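Below is one structure, written out as structure tokens; the observations come after it.
Residue numbers (our numbering): 480 to 901.
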């Protein structure tokens, strides 16, 4: 058979299959549900995982890809019960540890000790206006360089502010929009739990991230923070974070080794003892999250596979019914000269057409769900082209696999017996 004749034969079979589906809409739709569910699950799963990964990647890279941070507890994504007892019993890191890293490290560019007011937020006011629960934290001059979070107006904290325990603050754009919507915030006064602070700077706008708003912050000197909130410093919690970055990007791994050695020496750890502090990097944290999303994606693929299996069995059943119902037609075609190959091709193309339509509907449903997520909750779900191609390819493969037995059964029909069939 020439390629042209083969193409015409396949196209005629496709048209015949579409006509049969149109004539039996309900039965065809019920048959396609499994394929639609499997393909749409694949598209939605890929879209949302890609969206999550993009948002988390943007959130972590906002802190800089070279961030090396030391803290008391190991980084983790939630989990019941809090940190284990071994971590709770660790000695706290201190501001003095941060200054030692800055003094002794030859590879470090910036060292930023930070203490955060987690839990119940303090009351922040300017006159009668009250801010929307901003995150208040104590910082040092290197904060901007270490966290890639710079000032857009005014200035950041200085060594003089730390040494004099100054009542000064650098605020985020969200704080400005609530407390001084029509005023220049520089040199304005705000109170934090009743203590007055003078605004000396405004952070640049960063917008929303995976962790919430990056603009609802207030930074004060860490010495002032410790004086006003001694319970945070002495409360035994995750009391301080020490963020550092290397002078050169190629020194990233060497900086981790150097700073780890400095902290181990300061804490009197022997060579056979494990670190009694945690190390967090943006790259490591991102990989940890991607492992979680990978596990979720694998579970969704299993669910999609089950749906496709059910859909494939449905397609095989409906094609077997078609073979039985059209036995006389098969006998007539064979009597007119149709070969086994022609009959098998006819029913195989019908099965592939059936699942291909189901795959196309599933792709449309999955893309529609991703679009709704983008439009309604501003979640950046995105289905890459390969996922669409994969979804359609899998659906047609289901048709090929589960349509093979009905097609072979039809091809093996005896023409004489088939013509006698009522």
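Even glycine gets a Cβ: it sits at the ideal position worked out from N, Cα and C. Computed from a predicted structure; not experimentally measured.
(message) If I follow the unbroken alpha helix (DSSP H) through residue 652, where does it start and stop?
(response) 652-658
(request) Put residue 888 into one of helix, strand or coil per three-state DSSP. (result) helix
(request) Give every residue of the same chain whose Cβ lies closer than 6 Å to the Cβ of residue 886, excluding the five residues on either side of it in the sequence, and list them in chain order. (result) 823, 826 and 827
(message) Suppose contacts are defined by Cβ-Cβ distances below 8 Å. Is residue 644 in contact with residue 723 by that definition?
(response) No.
(message) For residue 712, which residues in the same chain have their Cβ closer than 7 Å to its Cβ, ignoring the five residues on either side in sequence?
(response) 594, 705 and 718
(message) If I measure Cβ to Cβ from residue 725 and keep anything under 7 Å in the same chain, skipping five residues before and after, which residues do I get?
(response) Apart from sequence neighbours up to five positions away, the residues of its chain that approach residue 725 with a beta-carbon distance below 7 Å are 545, 586, 587, 588, 731 and 734, ordered along the chain.
(message) Could you tell me the alpha carbon to alpha carbon distance between residue 676 and residue 863, rounded to whole angstroms?
(response) The C-alpha of residue 863 is placed about 49 Å away from the C-alpha of residue 676.
(message) Runs of 3 residues minimum, wholly inside the stretch 786-850: which ones carry the beta strand (DSSP E) assignment?
(response) none
(request) Please classify residue 752: is it buried, with 16 or more other beta-carbons within 10 angstroms of its beta-carbon, or exposed? (result) The C-beta of residue 752 has fewer than 16 other C-beta atoms within 10 Å across all chains shown, which makes the residue exposed.
(message) In this structure, how does DSSP classify residue 636 when only helix, strand and coil are distinguished?
(response) coil
(message) In chain order, what are the residue ranges of uninterrupted beta strand (DSSP E) at least 3 long that sit wholly in the stretch 561-601?
(response) 587-595
(message) Just verifying my parser: in three-state terms, what is the DSSP assignment at residue 677?
(response) strand
(message) Between the alpha carbons of residue 692 and residue 782, how many angstroms are there, rounded?
(response) 34 Å
(message) Tell me which residue opens and which closes the alpha helix (DSSP H) that residue 719 is part of.
(response) From DSSP, residue 719 is part of no alpha helix (DSSP H); its letter is neither H nor E.
(request) Identify which residue in 521, 517 and 528 has its Cα closest to the Cα of residue 858. (result) 528
(request) Look up residue 426 in the DSSP assignment and say whether it is helix, strand or coil. (result) Residue 426 lies beyond the stretch modelled for the chain, which goes from 480 to 901, so this question has no answer here.
(request) Starting from the C-beta of residue 772, find all residues in its chain whose C-beta is less than 7 Å away, skip the five residues before and the five after it, and write them out in chain order. (result) 528, 531 and 532
(message) Under 8 Å, with one C-beta from each stretch per pair, do the stretch 625-639 and the stretch 599-614 reach the 3-pair mark?
(response) No: the two stretches stay apart, fewer than three of their Cβ pairs being nearer than 8 Å.
(request) Work out the CA separation of residue 778 and residue 562 for me, nearest whole Å. (result) 27 Å
(request) Can you give me the start and stop residues for the beta strand (DSSP E) that residue 428 sits inside? (result) No information on residue 428 is available, as it lies outside the stretch 480 to 901 that the chain covers here.
(message) Let me check understanding here. Comparing Cα to Cα, which of 579, 511 and 605 lies closest to residue 741?
(response) 579
(request) Count the other C-beta atoms from every protein chain shown that fall within 10 angstroms of the C-beta of residue 744, then say buried if there are 16 or more, exposed otherwise. (result) exposed
(message) Can you check which of these residues, 523, 510 and 508, is closest to residue 780 by C-alpha distance?
(response) By alpha-carbon distance to residue 780, the top candidate from 523, 510 and 508 is 523.
(request) Just mark residue 829 as buried or exposed, buried being the case when its beta carbon has 16 or more other beta carbons within 10 Å. (result) buried
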